[in-house]
Structures are given as C-alpha cells and as structure tokens.
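> The structure follows.
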Amino acid sequence: MKRWTKLTAALITIGALLLSGCGGGTPVTTTEEKKADFPKKPVNMIIAFTAGGSSDVQARIVDKYWKENFNNQPLTFDYQVGAGGQVGFTAITKGRPDGYTIGGINVPHINLQALSPQGTYKIEDFAFICQVVNDPNLLVVQANSPMNTIADFVAEAKKKDGKMTIGVVGTFTAHHIAALQLMDLLDIKLTLVPFTGAADENVALMGGHVDAMIGNLNDVMRDVSKYKFLAIASEERHPWLKDVATFKEQDVDFISDIRRGFAAPKDIDPAVLKVLRDGFEKICTNPEYIAEMEKIGQPHEYLNGNEFAEIVNTYTETVTPLVEKYGLK
82 MKRWTKLTAA
92 LITIGALLLS
102 GCGGGTPVTT
112 TEEKKADFPK
122 KPVNMIIAFT
132 AGGSSDVQAR
142 IVDKYWKENF
152 NNQPLTFDYQ
162 VGAGGQVGFT
172 AITKGRPDGY
182 TIGGINVPHI
192 NLQALSPQGT
202 YKIEDFAFIC
212 QVVNDPNLLV
222 VQANSPMNTI
232 ADFVAEAKKK
242 DGKMTIGVVG
252 TFTAHHIAAL
262 QLMDLLDIKL
272 TLVPFTGAAD
282 ENVALMGGHV
292 DAMIGNLNDV
302 MRDVSKYKFL
312 AIASEERHPW
322 LKDVATFKEQ
332 DVDFISDIRR
342 GFAAPKDIDP
352 AVLKVLRDGF
362 EKICTNPEYI
372 AEMEKIGQPH
382 EYLNGNEFAE
392 IVNTYTETVT
402 PLVEKYGLK
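For the sequence shown, the numbering used here begins at 82 and goes up steadily by one.
Listed below in structure tokens is the structure:
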C-alpha cells in the first residue's frame, strides 16, 4: 500500500512538472523581466503644442538623456496641436496602454478641459509619470506704474470700479482662472482682456493697452527690466526673483501656477509604468539636465507620478467652483 502511495505522489509531481514546462499554460513574465524588456522599440512622445514652445523644448531636453535610461531606444516626436492642447491631450488618452505612447501635459489645462461640456477626456484617463516644471504666476504691471503692492492694486481697481483691465493668455486657461480667483479673493471687479499668447500680452502691457497682466515666471524672465512685479503666486519667494514678495506675504492666500509633466494612457501595465517613472526620475534629477532647464528659464521641479497625481486632483477641486460660478464653457 505504501508503495502505491509513493508511486502516485511521484506521478502527480512529474505530471505537474510536465504541465508547467510544456503546453499546459502560458509562462508568467515577472516584473523584473518586464523592466529589462521595456522598451524594445521607439517610444512615441505626443506634444500638444507647436514645435519650439515650452512644452516642446522641455521634452527635447528629456530626449537628450532618454536613450541611456531606456534600453538605448529613441523617442519619436508626434505634434498633435489644436484646441489649447486638447487635441494632443486626447491623443495621449486614446493611445495603446503599452508604454509606447506617452506625452506632455499641462495643468490646469487638462483639469479645465476635462470639466468643459466640450471635453474629450477625463482626468481619470491619464496615468501620471511625473511633473517636471512648476511655473508660478505673477501679477505684473509696467515698470513705471505707481502701484507697488497688492494693496495699491486693490485700491486702484476699486477706484476704477470694474474698468481696470488685466491681460490673460486665452480663455478657460490658467491665466483666466487666476484672474477670476483674484477677483474673488480681493473682492474687486476687473475687465479681462484675453490674448492669443504671452508675447501679445506682454506687448499690450508695455503699450499701456492693459493696466496689468497675469504672467508666468518663464515668460517674464526673458526681460525682467520691462516689468514691475506686485506679487508672485508661490508658497515662497522664487530664487530667480528674490525681491518679489509672495501674495501670502501680503496677506492674500493665493497660489497659482502652470505645472508641466508627462503621462501615459490609463490601464498601462503597472510594471511598465514603473519603468517609465524610474527612468524619468533618473533624467530629471540629473544635474546636467537641471542645468539645461535653468539655462532656458524653465522653472524645473520634479515630482514623482503619485505626487503629481495629487497636485492634479487638488487643481480639479480648486477650479470646479469657479467654472460653475462663472459659467465657463
């Protein structure tokens, strides 16, 4: 009897080995194997804005360090431009979730577009890889303006009773939302004047066609002498403009910026997403990469994918009431 029991056990063991080694099942690929295997072909980088713009330039700097961190495979650039970035952002979400389609994203652009009735994607459609830029907004006036503080700005706005003009880039944008937030926080009325781009907005301010403007650090750093900065909308003073006080220093609890980063389509394999996140972290913490970003005036700030996702979700909570209050569409 014991002999039959031993024989049966042996046969079961042999059968299990045969099944695992032959056609009894599909071999399981481990996370480590996926890490070593990805990528094995070029990765497509979708850029939602025109070549030469900030979104493109920052991705091109990433590209310089890409191959050494991603199996010597190249990035291919795919410009899908239109609708304030919505065309390209949508293309990212519609890509195959295999890691070979990624793209640059802007916050709060994606939040605002996702809330719009004309939106073609939702925030949940992205898998966030990392943040690379935190570009704070500033309240800017002409260099010879009599206004020097937020208190001066409020007094002037109330004196003009809704006729004070403030330039913003576009509608349903970070600048647009920032101006609306300021009106709420400061209890003032402003006339918003939208421009197609930062260059046009800057020219209008210099020409006296608007009283003030919302400007990003990256844009105004090109010629600081032309402007007077009443406040910067960051938690602390920025090292590039050490003499400019924050809104918080002037008793206004106002944080506003544009964040740029990278994302993949949702449902991407977690192991592949980890490869992307790890590779981007190596690139974005490389001192040579950081030096290149600073050289072109890109206010770099690396956050990992989970941290970036928290920022994105916080933006949605912030802008939703404003979208509803002002009936933005």
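The beta carbon of each residue, even a glycine, is placed where N, CA and C say it ideally should be.
Return helix, strand or coil for P120, following the three-state DSSP convention.
The count along the sequence shown starts at 1 and reaches residue 120 at position 39. Looking at P120 - three-state DSSP - the assignment turns out to be coil, as it is neither helix nor strand.
> Which whole-angstrom value is the C-beta distance of S315 and P217, which I expect to be below 8 Å?
By one-based count along the sequence shown, residue 315 stands at place 234. By one-based count along the sequence shown, residue 217 stands at place 136. Between P217 and S315 the Cβ distance is about 4 Å, and since that is below 8 Å, they are a contact.
> Relative to the alpha-carbon of G165, which residue among K148, A260 and H256 has its alpha-carbon at the smallest distance?
Looking up residue 165 in the sequence shown gives position 84. Of the candidates K148, A260 and H256, the one whose C-alpha sits nearest the C-alpha of G165 is H256.
> Might you give, ordered along the chain, the residues of its own chain that have their beta carbon closer than 8 Å to the beta carbon of K244, omitting 5 neighbours on each side?
Taking the first residue of the sequence shown as position 1, residue 244 is located at position 163. Answer for K244: T272, listed in chain order.
> Taking its Cβ as the centre, do 16 or more other Cβ atoms sit within 10 Å of D300, making it buried, or is it exposed?
Residue mapping note: residue 300 aligns to position 219 of the sequence shown, counting from 1. D300 should be labelled buried.
> Beta-carbon within less than 8 Å of S25's beta-carbon, same chain only, minus the 5 sequence neighbours each way: which residues are those?
The shown model of the chain, from 82 to 410, leaves out residue 25, and the question about it has no answer.
> Tell me whether I231, by its Cβ, gets closer than 6 Å to a heavy atom of the ligand FAD.
No copy of the ligand FAD occurs in the structure displayed, which carries no ligand at all.
> On the DSSP bridge list, what partners appear for Y160?
Your numbering for residue 160 matches position 79 in the sequence shown. Per DSSP, I128.
> Here's a check: name, in chain order, each residue in its chain whose Cβ is nearer than 7 Å to the Cβ of T86, leaving out the five neighbours to either side.
Sequence index remark: in the sequence shown, residue 86 carries index 5 (1-based). Reliability fails at T86, whose pLDDT of 46 lies under 50, so the model's placement of it is uncertain and the value that follows must be treated cautiously. No residues qualify anywhere along the chain.
> In terms of residue numbering, what span does the beta strand (DSSP E) encompassing Y383 cover?
Walking along the sequence shown from the start, residue 383 turns up at place 302. First-last of the beta strand (DSSP E) with Y383: H381 to N385.
> Just verifying my parser: in three-state terms, what is the DSSP assignment at M228?
Looking up residue 228 in the sequence shown gives position 147. Coil, per DSSP.
> For D292, does the count of other Cβ atoms within 10 angstroms reach 16, so buried, or fall short, so exposed?
Within the sequence shown, residue 292 is the residue found at index 211, counting from 1. Buried, since its Cβ has 16 or more Cβ neighbours within 10 Å.
> Determine whether the beta carbon atoms of I128 and A172 lie at a separation below 7 Å.
Indexing the sequence shown from 1 puts residue 128 at position 47. Indexing the sequence shown from 1 puts residue 172 at position 91. Taking 7 Å as the Cβ cut-off, I128 and A172 do not qualify as a contacting pair.
> Any beta carbon from chain B within less than 7 Å of E398's own beta carbon?
Absent here is chain B; the protein component of the structure consists of one chain.
> I need the straight-line Cα distance from T327 to P198, nearest angstrom please.
In the sequence shown, residue 327 corresponds to position 246, counting from 1. In the sequence shown, residue 198 corresponds to position 117, counting from 1. Computed Cα separation, rounded: 35 Å.
> In chain order, what residues of the same chain lie with their CB nearer than 7 Å to the CB of M228, ignoring the 5 residues before and after it?
In the sequence shown, the residue the question calls residue 228 occupies position 147. So the list reads V222, F234, E237 and L311, once near-sequence residues are dropped.
> Would you identify the three-state DSSP class for V400, choosing helix, strand or coil?
Residue numbering aside, residue 400 sits at position 319 when the sequence shown is read from its first letter. DSSP places V400 in helix when its eight states are reduced to three.
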